[in-house]
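Numbering (our numbering), first residue to last: 622 to 913.
Okay, here's the thing in structure tokens:
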């Protein structure tokens with residue numbers, strides 16, 4: 622059976638490696654990105670390139686997006702020469718980014734009017750896992766649409782979860798990142814307060830790591846705060862964006878999260894201080910300098 626034609630928009634580090642993995646597994650690819658070097662690398666391996674998302678959607682069976690924000694996703698979908706203008710009945714749009722669930726459901730409803738489906742499928746793990754087809758994929762959408770793209774997702778992910786109705790994937794990813802990023806903020810500030818109080822940071826880690834607070838996130842925070850090794854590959858800028866999306870989702874659900882508000886304010890302050898490109902545990906440096 623011939624493999625579906627995949628149109629892929631968003632050739633950052635994650636997206637480029639996902640495309641290379643798909644090409645290695647024999648999928649025909651059409652690619653699009655503002656980074657011409659990234660496009661050229663895919664074309665050299667046999668991909669086709671197009672100038673607009675409309676052209677890409679017209680030629681693809683599955684359209685995949687690996688973009689940074691909901692605003693960019695909506696621009697790519699709703700532009701006059703965007704995905705919605707070109708997508709065919711029976712095609713499926715897969716959004717691998719971390720997006721606002723309400724936006725995802727809106728796009729899905731508009732695609733359905735054209736007879737096309739949508740899956741939200743945010744990712745876990747790293748670009749290295751993407752290259753080897755070993756991502757964690759948190760997919761959601763109606764089961765018939767999910768089953769249509771499941772074989773392709775399984776070629777991209779070691780663990781492919783189906784989480785329910787459209788938007789559940791993005792909801793789960795935002796909750797996951799809320800838990801992770803607030804934990805990193807709390808632990809990083811714990812080390813900063815210890816330093817200010819004259820408590821040895823290594824000894825603090827030795828004590829905390831023997832109890833239930835121990836976790837991989839604590840190790841990442843200790844690696845930076847104690848050993849000056851920054852090895853959690855997730856930026857303050859991305860964490861700041863995701864906490865903002867979590868707060869938007871919480872508001873859409875008619876509730877609030879003071880915990881997320883506090884972490885978000887700290888991440889925003891660190892971002893405003895020029896620390897956005899640093900990995901999240903580097904917020905320790907912001908807390909060290911924090912004055913009342």
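C-beta: ideal position from N, C-alpha, C; glycine also.
Practice task
State whether the region 723–731 contacts the region 684–703, with contact taken as three or more CB pairs (one from each stretch) at a distance under 8 Å.
Solution key: With three or more CB-CB distances shorter than 8 Å, the region 723–731 counts as touching the region 684–703.
Problem - Proximity of residue 651 and residue 628 at Cβ, strictly below 9 Å - result: Against a cut-off of 9 Å, the Cβ pair of residue 628 and residue 651 comes out as a contact.
Practice task
Measure the C-alpha to C-alpha separation of residue 838 and residue 732 and round it to an integer number of angstroms.
Solution key: Cα to Cα, the separation comes out at about 39 Å.
Handout entry: Minimum Cβ-Cβ distance from residue 781 to chain C less than 9 Å
Key = Absent from the structure is chain C; it holds one protein chain and no more.
Problem - Strand pairing of residue 819, partner residues [DSSP] - result: Residue pairing by DSSP places residue 819 in no beta bridge whatsoever.
Handout entry: Coil, strand or helix - residue 887 by DSSP
Key = Of the three classes helix, strand and coil, the one that applies to residue 887 here is helix, per DSSP.
Handout entry: the region 734–743 in contact with the region 700–717 per 3-pair CB rule at 8 Å
Key = As far as the Cβ criterion goes, the region 734–743 touches the region 700–717, which means the pair count is three or higher.
Exercise for the section: Using three-state DSSP, classify residue 835 as helix, strand or coil. Expected result: Taken through DSSP and simplified to helix, strand or coil, residue 835 comes out as coil.
Practice task
Rank 676, 685, 680 and 682 by C-alpha distance to the C-alpha of residue 700 and give the top, closest one.
Solution key: Among 676, 685, 680 and 682, the Cα nearest to that of residue 700 is on 676.
Exercise for the section: Please classify residue 753: does DSSP put it in a helix, a strand, or coil? Expected result: The DSSP-derived three-state label of residue 753 is coil.
Practice task
Say whether the region 772–791 touches the region 650–669, bearing in mind that this needs 3 or more beta-carbon pairs closer than 8 Å, one atom from each stretch.
Solution key: The region 772–791 is not in contact with the region 650–669.
Practice task
Using a threshold of 9 Å, state whether the C-beta atoms of residue 907 and residue 886 are closer than that.
Solution key: It is not a contact, given that the beta carbons lie outside the stated cut-off.
Handout entry: Validate contact between the region 779–792 and the region 748–762 using beta carbons, cut 8 Å, 3 pairs
Key = Yes: at least three Cβ pairs fall under 8 Å.
Practice task
Helix, strand or coil for residue 782, going by three-state DSSP, please let me know.
Solution key: In this structure, residue 782 counts as strand in the three-state DSSP scheme.
Practice task
Assign residue 731 to one of three DSSP states: helix, strand, or coil.
Solution key: In the structure shown, residue 731 sits in a helix (DSSP, three-state: H, G or I).
Practice task
Report the rounded CA-to-CA distance for residue 825 versus residue 890, giving the unit in angstroms.
Solution key: In a straight line, the C-alpha of residue 825 is about 26 Å away from that of residue 890.
Handout entry: Nearest residue (CA-CA) to residue 898, options 800, 688 and 858
Key = Closest by alpha carbon: 858.
Exercise for the section: Determine the extent of the beta strand (DSSP E) in which residue 906 is found, giving its start and end residues. Expected result: Bounds of any beta strand (DSSP E) do not take in residue 906; it lies within the alpha helix (DSSP H) bounded by 904–910.
Problem - Beta-bridge partners of residue 714, as assigned by DSSP - result: 684 and 739, per the DSSP bridge assignment.
Exercise for the section: Please classify residue 664: does DSSP put it in a helix, a strand, or coil? Expected result: Of the three classes helix, strand and coil, the one that applies to residue 664 here is helix, per DSSP.
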